[in-house]
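The block underneath contains the structure these notes are about, expressed in structure tokens.
In the UniProt record's numbering, the protein residues as written are 1 to 255.
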């Protein structure tokens with residue numbers, strides 16, 4: 001979710017029909033000039049610069065080429081680990097990016113993730129839907145003012161400073177329930193989606209606490225919250241649930 005509960009990223013306007021240009025055969029040069037491939041131009045510039053400097057300092061063109069390749073590979077690995085799969089103008093908050101970075105590390109363990117997925121016929125959004133060996137999870141990411149304390153009352157009320165976050169908990173629970181119902185209908189069997197609220201900013205005075213049927217915890221604990229549960233899904237089940245979720249929960253910001 002966004003840094004403020006009421007904030008939503010603006011929806012880009014559709015291009016008027018009159019703006020479409022005739023289709024032309026794309027050349028390698030025109031493709032590389034496209035903004036989408038800016039990272040490739042920067043990577044090439046980095047590799048050439050590193051190779052040239054190294055070659056001059058070490059007086060060896062072979063070492064220059066070697067270091068150029070190393071620089072290109074290092075940049076590729078860095079971008080794969082840090083760059084979001086959601087374009088920058090479509091991202092709702094820094095909190096979502098931090099959660100997404102954590103969830104990427106789960107992919108090697110058989111987990112599948114979908115980001116920024118809409119609940120049909122509503123304005124609601126699941127920030128991150130995770131399907132893996134331990135179950136199916138809806139994670140909503142929140143960045144709250146770190147100057148205001150977080151507290152809970154009677155395990156039913158969540159407060160951030162003087163603000164009662166009951167509506168936010170109810171929203172997270174409703175989103176997960178809707179996602180579970182849609183996936184279950186698509187597969188013809190019951191699938192439960194566990195709702196959660198990952199909070200960044202203020203310190204959370206507990207590890208994981210269930211409030212109004214929603215697990216609430218510090219954003220840094222997302223991976224532990226998911227992986228410490230018992231395994232309940234096979235690889236085939238994970239794939240079928242993931243594919244069904246991808247069909248019934250459309251991207252909030254489609255390409």
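Note that CB positions come from ideal geometry on N, CA and C, so glycine has one too.
**Asked** According to the neighbour-count rule (16 or more other Cβ atoms, all chains shown, within 10 Å of its Cβ), is residue 165 buried or exposed?
**Response** One-based indexing of the chain shown puts residue 165 at position 165. When all chains shown are included, residue 165 counts as buried.
**Prompt:** At what residue ranges does the segment 112-195 contain a whole run of the alpha helix (DSSP H), taking only runs of 4 or more?
**Reply:** 166-187
**Prompt:** Taking DSSP as the reference, what is the three-state secondary structure of residue 60?
**Reply:** Mapped onto the chain shown, residue 60 falls at position 60. If DSSP states are grouped into helix, strand and coil, residue 60 belongs with coil.
**Message:** Can you tell me where the alpha helix (DSSP H) holding residue 103 begins and where it ends?
**Reply:** Position 103 of the chain shown, counted from the start, is the residue given in the question as residue 103. 94-104 is the extent of the alpha helix (DSSP H) around residue 103.
**Prompt:** What separation, rounded to the nearest whole angstrom, lies between the Cα atoms of residue 100 and residue 129?
**Reply:** Along the chain shown, one-based indexing puts residue 100 at 100. Along the chain shown, one-based indexing puts residue 129 at 129. The alpha-carbon atoms of residue 100 and residue 129 are separated by roughly 10 Å.
**Prompt:** Quick check: the segment 236-249 against the segment 195-213, are there 3 or more CB pairs under 8 Å?
**Reply:** no
**Message:** Checking 7 Å against the spacing of the C-beta atoms, do residue 138 and residue 96 come in under that value?
**Reply:** Taking the first residue of the chain shown as position 1, residue 138 is located at position 138. Taking the first residue of the chain shown as position 1, residue 96 is located at position 96. Not in contact: residue 138 and residue 96 (Cβ atoms no closer than 7 Å).
**Item:** Close-in-space but distant-in-sequence residues of the same chain around residue 43 (CB under 6 Å, 5 per side omitted)
**Value:** For the purposes of this step, residue 43 is identified with residue 43 of the chain shown, where counting begins at 1. Excluding positions up to five away in sequence, the list reads 72, 75.
**Request:** Count the other C-beta atoms from every protein chain shown that fall within 10 angstroms of the C-beta of residue 153, then say buried if there are 16 or more, exposed otherwise.
**Result:** Here residue 153 corresponds to residue number 153 of the chain shown, with the count starting at 1. For residue 153, the number of other beta carbons within 10 angstroms of its own is below 16, and it is reported as exposed.
**Request:** Look up residue 69 in the DSSP assignment and say whether it is helix, strand or coil.
**Result:** Sequence index remark: in the chain shown, residue 69 carries index 69 (1-based). Residue state, collapsed to three classes: helix.
**Asked** Using the beta-carbon count (16 or more within 10 Å), is residue 330 buried or exposed?
**Response** An answer regarding residue 330 cannot be provided, because it is not within the stretch 1 to 255 covered by the chain.
**Request:** Would you kindly work out how many angstroms separate the C-alpha atoms of residue 163 and residue 156, rounded to a whole number?
**Result:** Stepping through the chain shown from its first residue, residue 163 is reached at position 163. Stepping through the chain shown from its first residue, residue 156 is reached at position 156. When rounded, the distance between both Cα atoms is 14 Å.
**Prompt:** What is the DSSP secondary structure of residue 204, reduced to helix, strand or coil?
**Reply:** Here residue 204 refers to the residue found at position 204 when the chain shown is read from its first residue. In the structure shown, residue 204 sits in coil (DSSP, three-state: anything other than H, G, I, E or B).
**Request:** Could you tell me if residue 167 is buried or exposed, where buried requires 16 or more neighbouring beta carbons within 10 angstroms of its beta carbon?
**Result:** Position 167 of the chain shown holds residue 167. It is exposed - the Cβ of residue 167 has fewer than 16 other Cβ atoms within 10 Å.
**Prompt:** For residue 45, which of helix, strand or coil comes out of DSSP?
**Reply:** Numbered from its first residue, the chain shown carries residue 45 at position 45. Looking at residue 45 - three-state DSSP - the assignment turns out to be helix.
**Item:** Three-state secondary structure assigned by DSSP to residue 218
**Value:** One-based indexing of the chain shown puts residue 218 at position 218. Of the three classes helix, strand and coil, the one that applies to residue 218 here is strand, per DSSP.
**Request:** Using the Cα positions of residue 119 and residue 202, report the straight-line distance between them to the nearest angstrom.
**Result:** Here residue 119 corresponds to residue number 119 of the chain shown, with the count starting at 1. Here residue 202 corresponds to residue number 202 of the chain shown, with the count starting at 1. Going by the C-alpha atoms only, they are around 29 Å apart.
**Request:** Have a look at 133, 102, 125 and flag the residue whose alpha-carbon is nearest the alpha-carbon of residue 117.
**Result:** Your numbering for residue 117 matches position 117 in the chain shown. Nearest option by C-alpha distance: 125.
**CB of residue 248 within 7 Å of CB of residue 172, strictly** = Position 248 of the chain shown, counted from the start, is the residue given in the question as residue 248. Position 172 of the chain shown, counted from the start, is the residue given in the question as residue 172. The beta carbons of residue 248 and residue 172 sit no closer together than 7 Å.
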